[in-house]
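J.: In terms of the numbering used here, the sequence shown opens at residue 34 and continues consecutively.
Each residue gets a CB set at the ideal place from its N, CA and C atoms; glycine is no exception.
The structure presented is a predicted model; accordingly, all values stated were derived computationally and were not measured.
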Amino acid sequence: MDFETGYQMTIGGRGVSGAASIDVFNPATAEVFANAPDCSRAELDEAVATASAAFPAWKAMPIEERQALLRKCGEALLTHTEALARLFTREQGRPTDAAKQEIQGGAAWLISFSQMTPPVHLEETDTRWIETRYVPLGVVCAISPWNFPVMLSMWKVAAALAAGNTMVLKPSPFTPLCVLKVGEIFREILPPGVLNVISGGDELGVWMTSHPGFAKISFTGSTATGKKVMESASKDLKRLTLELGGNDAAIVMPDVDLDEIAQKIFFGAFFNTAQICVATKRLYVHEDVYEGLRDRLLGIAKAIKVGDGAEQGTVLGPIQNKRQYARVLELLEDAKKTGLTVLQGADVPEGGYFIPVTIVDNPPEDSRVVQEEAFGPILPMLRFKDVDEVIARANASEYGLAGAVWSKDVKAGIDIARRMETGTIWVNQNLELGPNTPFAGHKQSGFGVENGMEGLLEFMVPQVVNVAR
Numbered sequence: 034m035d036f037e038t039g040y041q042m043t044i045g046g047r048g049v050s051g052a053a054s055i056d057v058f059n060p061a062t063a064e065v066f067a068n069a070p071d072c073s074r075a076e077l078d079e080a081v082a083t084a085s086a087a088f089p090a091w092k093a094m095p096i097e098e099r100q101a102l103l104r105k106c107g108e109a110l111l112t113h114t115e116a117l118a119r120l121f122t123r124e125q126g127r128p129t130d131a132a133k134q135e136i137q138g139g140a141a142w143l144i145s146f147s148q149m150t151p152p153v154h155l156e157e158t159d160t161r162w163i164e165t166r167y168v169p170l171g172v173v174c175a176i177s178p179w180n181f182p183v184m185l186s187m188w189k190v191a192a193a194l195a196a197g198n199t200m201v202l203k204p205s206p207f208t209p210l211c212v213l214k215v216g217e218i219f220r221e222i223l224p225p226g227v228l229n230v231i232s233g234g235d236e237l238g239v240w241m242t243s244h245p246g247f248a249k250i251s252f253t254g255s256t257a258t259g260k261k262v263m264e265s266a267s268k269d270l271k272r273l274t275l276e277l278g279g280n281d282a283a284i285v286m287p288d289v290d291l292d293e294i295a296q297k298i299f300f301g302a303f304f305n306t307a308q309i310c311v312a313t314k315r316l317y318v319h320e321d322v323y324e325g326l327r328d329r330l331l332g333i334a335k336a337i338k339v340g341d342g343a344e345q346g347t348v349l350g351p352i353q354n355k356r357q358y359a360r361v362l363e364l365l366e367d368a369k370k371t372g373l374t375v376l377q378g379a380d381v382p383e384g385g386y387f388i389p390v391t392i393v394d395n396p397p398e399d400s401r402v403v404q405e406e407a408f409g410p411i412l413p414m415l416r417f418k419d420v421d422e423v424i425a426r427a428n429a430s431e432y433g434l435a436g437a438v439w440s441k442d443v444k445a446g447i448d449i450a451r452r453m454e455t456g457t458i459w460v461n462q463n464l465e466l467g468p469n470t471p472f473a474g475h476k477q478s479g480f481g482v483e484n485g486m487e488g489l490l491e492f493m494v495p496q497v498v499n500v501a502r
């Protein structure tokens with residue numbers, strides 16, 4: 034298979050080039066290096082129609098057969114890991130070794146969901162027999178983001194298809210290529226119409242969320258866009274799963290071993306150039322260890338290479354797209370203009386969407402750099418000395434996606450974690466997510482569940498058969 038050219042949509046099991054195209058940029062150079070199809074309304078209608086036509090047979094297929102096909106999809110991703118990872122780096126910017134981890138992670142999700150079977154509950158008495166089972170919804174609309182385009186697409190594909198739904202999947206217009214190639218790989222495995230992969234500009238997402246042919250929308254992206262998706266879906270009561278933004282807080286207690294945790298905290302904040310919904314975005318550090326941790330984090334920032342992910346030794350790549358680059362740059366300039374103390378790591382290359390790793394030293398709680406989700410390599414560090422006070426500060430956010438607690442006293446860490454108003458809280462670790470563990474946001478970080486049996490059942494609805502005896 035050619036991963037350098039020939040990017041096509043997958044509609045009804047066949048490749049579709051489309052009449053129009055969109056440019057795809059390499060964020061390390063800010064230059065166009067490929068084109069992807071720009072799906073038309075007619076092609077979207079065709080994708081929905083073929084998914085609808087494929088649904089009855091896919092739903093009726095014995096679950097063991099569906100599971101076997103999902104496993105084959107996961108194994109196929111592993112076969113193509115190297116080529117997909119190279120393409121991934123060109124369009125997303127992440128260093129190639131880390132790109133391989135994403136492809137392998139997507140495969141792991143498919144294989145894990147191929148082992149999940151929805152429950153069936155029976156209730157029997159002298160007067161009645163009641164069966165409660167879960168049935169698929171129908172055709173699902175899935176919209177995945179640019180920060181983890183393959184992994185987060187596979188979160189949706191694995192659960193929806195395992196549950197017996199068919200799907201039309203749209204990756205971000207900034208990172209369509211790998212997902213289009215995944216669709217091409219899966220054409221050889223899945224029945225035609227079960228998984229359709231289309232690409233296009235921002236208006237395609239609007240057409241999809243308002244399309245009457247979808248029973249459900251699974252969307253990962255910003256809270257602002259999620260609200261628009263919800264409004265669009267309300268017109269015909271589509272079901273929704275929304276995984277949205279976060280301004281995740283980490284709390285570092287005074288008993289920690291700084292040499293042991295500094296590297297973990299650094300990459301919990303800056304991995305993927307901090308373009309992670311669950312990355313640490315507000316770092317609250319006890320005053321007794323504040324300077325020690327700040328100096329260690331700055332030392333790491335000065336030592337690592339920021340650059341083109343295709344180059345040997347690169348640890349962090351560019352911001353993925355020009356729009357996000359401008360947002361992060363504006364937030365950084367605001368921090369400087371308002372007199373905040375800005376500490377920066379190694380120099381960055383010119384010509385791409387690069388921003389140095391940046392630590393903002395103890396800014397006011399009401400500053401923009403604390404209150405807004407940067408989604409880029411800017412980390413505010415904030416002092417605290419009282420546990421109750423820092424928990425209140427951490428919880429004073431409209432978001433509630435994830436958080437972390439760092440303490441040698443694990444029981445105390447768990448107690449703090451339980452008081453944090455977020456869906457996932459790590460203790461003495463960061464960014465640990467798995468296919469068998471439910472992932473859900475609180476507050477304006479979204480609703481619905483991904484992953485685990487709870488995530489599988491998000492793509493199903495209970496059906497009760499109630500028999501009188």
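#1: Assuming LEU365 contacts ILE388 under a Cβ cut-off of 8 Å, what Cβ separation, rounded to an integer in Å, is found between them?
#2: From PHE219 to ALA101, what does the alpha carbon distance come to, in whole angstroms?
#3: What residues are listed by DSSP as bridge partners for LEU273?
#4: Does DSSP put ASN68 in a helix, a strand or coil?
#5: What residue does the beta strand (DSSP E) around ILE284 start on, and which one ends it?
#6: Give the straight-line distance between the Cα atoms of ASP367 and VAL390, rounded to the nearest whole angstrom.
#7: Write down every uninterrupted run of the beta strand (DSSP E) in the stretch 296-325 whose length is 3 residues or greater and which is fully enclosed by it, in chain order.
#8: To the nearest angstrom, how far is it from the Cα of THR470 to the Cα of VAL81?
#9: From the DSSP output, which residues share a beta bridge with VAL49?
#10: State yes or no: is the C-beta of PRO152 nearer than 8 Å to some heavy atom of the ligand SAH?
#11: Counting beta carbon pairs with one atom in the stretch 314-327 and one in the stretch 284-295, are three or more of them shorter than 8 Å?
#12: Let me make sure I understand the geometry here. Which of GLY138, MET486, LEU110 has the alpha-carbon closest to that of LYS214?
#13: Between the Cα of PHE304 and the Cα atoms of GLU465, ALA257, ASP269, which residue gives the shortest distance?
#14: I believe LEU170 touches ALA248 by the beta-carbon criterion, under 8 Å. Please report the beta-carbon distance rounded to the nearest angstrom.
#15: In the DSSP assignment, find the unbroken beta strand (DSSP E) run with GLN496 in it and report its ends.
#16: Taking only runs of the beta strand (DSSP E) that begin and end inside the stretch 174-259, which ones reach a length of at least 3 residues, in chain order?
#17: Below 6 Å CB to CB, which residues in the same chain sit around ALA132 once its five sequence neighbours on both sides are set aside?
#18: How many Å lie between ALA61 and VAL381 at the Cα?
#19: By how many angstroms is the C-alpha of ILE337 removed from the C-alpha of PRO396?
#20: Hey, SER161 and ASN428 are a contact pair by Cβ (cut 8 Å); roughly how many whole angstroms apart?
#21: Do the CB positions of VAL348 and VAL339 come within less than 9 Å of each other?
#22: When the Cα of GLU483 is compared with those of GLN125, LYS105, PHE66, ALA175, which residue comes out closest?
#23: With distance defined between alpha-carbon atoms, name the residue in SER400, VAL443, GLY350 nearest to THR129.
#24: Less than 9 Å separating the beta-carbons of ALA87 and VAL227?
#25: Any contact of the stretch 69-80 with the stretch 143-156, i.e. 3+ C-beta pairs under 8 Å?
#26: Tell me the DSSP secondary structure of VAL482 in three-state form.
#27: Please list the terminal residues of the continuous alpha helix (DSSP H) segment that includes SER85.
#28: Considering only the alpha carbon of each residue, which of PRO413, ALA473, VAL402, MET187 lies closest to LEU434?
T.: Well, looking at it:
#1: Stepping through the sequence shown from its first residue, residue 365 is reached at position 332. Stepping through the sequence shown from its first residue, residue 388 is reached at position 355. Contact between LEU365 and ILE388 is confirmed by a C-beta separation of about 7 Å, below the 8 Å threshold.
#2: Here residue 219 corresponds to residue number 186 of the sequence shown, with the count starting at 1. Here residue 101 corresponds to residue number 68 of the sequence shown, with the count starting at 1. Straight-line Cα distance between these residues: approximately 13 Å.
#3: As a first step, residue 273 is located in the sequence shown; it is residue number 240 there, counting from the start. For LEU273, DSSP records a beta bridge to ILE250.
#4: The residue given as residue 68 occupies position 35 in the sequence shown. Residue state, collapsed to three classes: strand.
#5: Sequence index remark: in the sequence shown, residue 284 carries index 251 (1-based). ILE284: member of the beta strand (DSSP E) spanning 282-285, first to last residue.
#6: As a first step, residue 367 must be located in the sequence shown, where it is residue number 334. As a first step, residue 390 must be located in the sequence shown, where it is residue number 357. When only Cα atoms are considered, ASP367 and VAL390 end up about 16 Å apart.
#7: 315-319
#8: Your numbering for residue 470 matches position 437 in the sequence shown. Your numbering for residue 81 matches position 48 in the sequence shown. Each residue's alpha carbon lies about 31 Å from the other.
#9: The sequence position of residue 49 within the sequence shown is 16, counting from 1. MET42.
#10: This structure does not include the ligand SAH; it has no bound ligands of any sort.
#11: yes
#12: One-based indexing of the sequence shown puts residue 214 at position 181. Comparing Cα-Cα distances from LYS214 to each of GLY138, MET486, LEU110, the minimum goes to LEU110.
#13: Position 271 of the sequence shown, counting from 1, holds the residue named residue 304. Measuring from the Cα of PHE304, the nearest candidate turns out to be GLU465.
#14: As a first step, residue 170 must be located in the sequence shown, where it is residue number 137. As a first step, residue 248 must be located in the sequence shown, where it is residue number 215. Going by Cβ atoms, the distance from LEU170 to ALA248 rounds to 4 Å, so yes, they are a contact pair.
#15: Sequence index remark: in the sequence shown, residue 496 carries index 463 (1-based). Taken as a continuous stretch (DSSP letters only), the beta strand (DSSP E) holding GLN496 covers 493-501.
#16: As far as the stretch 174-259 is concerned, its whole beta strand (DSSP E) runs of at least 3 residues are 199-203, 228-230, 249-253.
#17: As a first step, residue 132 must be located in the sequence shown, where it is residue number 99. Once the five neighbours on either side are set aside, the close Cβ partners of ALA132 are ALA118, PHE121, THR122.
#18: Your numbering for residue 61 matches position 28 in the sequence shown. Your numbering for residue 381 matches position 348 in the sequence shown. Spanning the two alpha carbons is a distance of roughly 11 Å.
#19: What you label residue 396 is simply residue 363 of the sequence shown in a count that begins at 1. What you label residue 337 is simply residue 304 of the sequence shown in a count that begins at 1. About 25 Å.
#20: Position 128 of the sequence shown holds residue 161. Position 395 of the sequence shown holds residue 428. It is Arg, not Ser, that sits at residue 161 in the sequence shown. Not really, about 46 Å apart at Cβ, beyond 8 Å.
#21: Indexing the sequence shown from 1 puts residue 348 at position 315. Indexing the sequence shown from 1 puts residue 339 at position 306. Contact: yes.
#22: Numbered from its first residue, the sequence shown carries residue 483 at position 450. Checking every option, the nearest Cα to that of GLU483 belongs to ALA175.
#23: Along the sequence shown, read from residue 1 onward, the residue named residue 129 stands at position 96. Closest option to THR129, Cα to Cα, is GLY350.
#24: For the purposes of this step, residue 87 is taken as the residue at position 54 of the sequence shown. For the purposes of this step, residue 227 is taken as the residue at position 194 of the sequence shown. Yes, Cβ-Cβ distance for ALA87 and VAL227 is below 9 Å.
#25: no
#26: Locating residue 482 in the sequence shown gives position 449, where the first residue counts as 1. Here VAL482 sits in coil by DSSP.
#27: Here residue 85 refers to the residue found at position 52 of the sequence shown. Looking at the DSSP string, the run of the alpha helix (DSSP H) that includes SER85 is 74-93.
#28: Translated into the one-based positions of the sequence shown, residue 434 becomes position 401. Comparing Cα-Cα distances from LEU434 to each of PRO413, ALA473, VAL402, MET187, the minimum goes to ALA473.
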